[in-house]
Structure formats: structure tokens, C-alpha cells
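All remarks here apply to the structure that follows.
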Amino acid sequence: MDYVKGTILNDYLNNIISNSSNYDSKLSDISISIGNAISKLHSHIIHGDLTTSNIIINDDSYDYQIIFIDFGLSYSDSLTVEDKAVDLYVLERSLEVTHPNIKIVSLIMKPTLYIFS
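Be aware that the sequence shown starts at 1, since it is given in the UniProt record's numbering, and climbs by one per residue.
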């Protein structure tokens, strides 16, 4: 097992909201980065448990590095639109439960919309 440098998304979002005066811009940037990472992930694999505890953010560089962890429920034998939608729905519900006051789901979903066309 390798060490992954970064912060779990749940903690990262809490930190941004608590300690940043311009958190809207940061939330927008991180949301787009997460959406792009999910789009890449979904070209090869369904995670099966996309939650705020299974995404790590590393912001040491200019761009955000998004790392997915805990692939215990993942699979790659079926990559249907429905499979991808369920993955996104799990993330949406996770965000709504853990961070009900921030609305970033629509920003995360923008880069992933190509899978539904």
C-alpha cells in the first residue's frame, strides 16, 4: 500500500468553508477538477462508492490533483450509462448529506455530461 499525499474531500471542503474568504472560487475550481477526474475514471472503470471519504485532494501544485481511493466495489466489465449515473448519484447524495449548504454538484457534473450523450 502506498501513502497518498492530500486531504480527504470531506475535510478539504470543511477547511475551505471555514478558512477561506473567497471560497466560491475555490469550490468552483475544485468541482471542475473532480468532474474532469470522474470523466477520465469512467472511461475505464466504475468506482462503485464515490463519496467524500473516497476522494483525496492534493493542492500542492498549480492544478488540483484528484485521487480516488477504496476501489473495493469497483468494476470494469460493464460501463453502461446507467452504471456511470449510479456512481454520480452516490457522489451527489454524499455531498448533499455531508455539505448541505454548498451547491457544487452541478459544477462537478458539467465535465461528466458527455457520458449521457
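Beta carbons are placed, not taken as given, at the ideal position from N, Cα and C, and that holds for glycine.
These numbers were taken from a predicted model, which means no experiment stands behind them.
Considering only C-alpha positions, which residue in the set the options is nearest to residue i?
i              : options                    : result
aspartate 51   : Lys103, Val90, Gly6, Val81 : The sequence shown places threonine at residue 51, rather than the aspartate named in the question. Closest option to threonine 51, Cα to Cα, is Val90.
asparagine 54  : Leu9, Ser28, Lys5          : Leu9
isoleucine 102 : Asp24, Leu73, Asp70        : Asp24
Where do the ends of the beta strand (DSSP E) carrying residue i lie?
i             : result
asparagine 58 : 55-58
isoleucine 66 : 65-68
Measuring only the C-alpha atoms, how far is residue i from residue j?
i             : j                : result
aspartate 63  : alanine 37       : 12 Å
histidine 42  : glycine 48       : 11 Å
isoleucine 46 : isoleucine 66    : 16 Å
alanine 85    : asparagine 22    : 31 Å
glutamate 92  : phenylalanine 68 : 16 Å
lysine 26     : histidine 44     : 28 Å
How far does the alpha helix (DSSP H) with residue i in it reach, from first residue to last?
i             : result
isoleucine 38 : 23-41
tyrosine 12   : 9-19
lysine 84     : 81-98
alanine 109   : Note that residue 109 corresponds to methionine in the displayed sequence, not to alanine. Start and end: 105-109.
Report buried or exposed for residue i, applying the criterion of at least 16 other Cβ atoms within 10 angstroms of its Cβ.
i            : result
leucine 13   : buried
serine 33    : buried
serine 31    : buried
serine 94    : buried
aspartate 87 : buried
With a threshold of 6 Å (Cβ to nearest heavy atom), would residue i be considered close to the ligand SAM?
i           : result
tyrosine 75 : For the structure depicted, the ligand SAM is absent and the ligand set is empty, with no information on it obtainable.
message: Count Cβ pairs between the stretch 11-26 and the stretch 68-86 that sit closer than 8 Å; are there 3 or more?
response: Output reads no: the stretch 68-86 does not touch the stretch 11-26.
field: Three-pair Cβ contact test at 8 Å for the stretch 96-109 versus the stretch 24-39
entry: The stretch 96-109, when compared against the stretch 24-39, does touch it at the 8 Å Cβ threshold.
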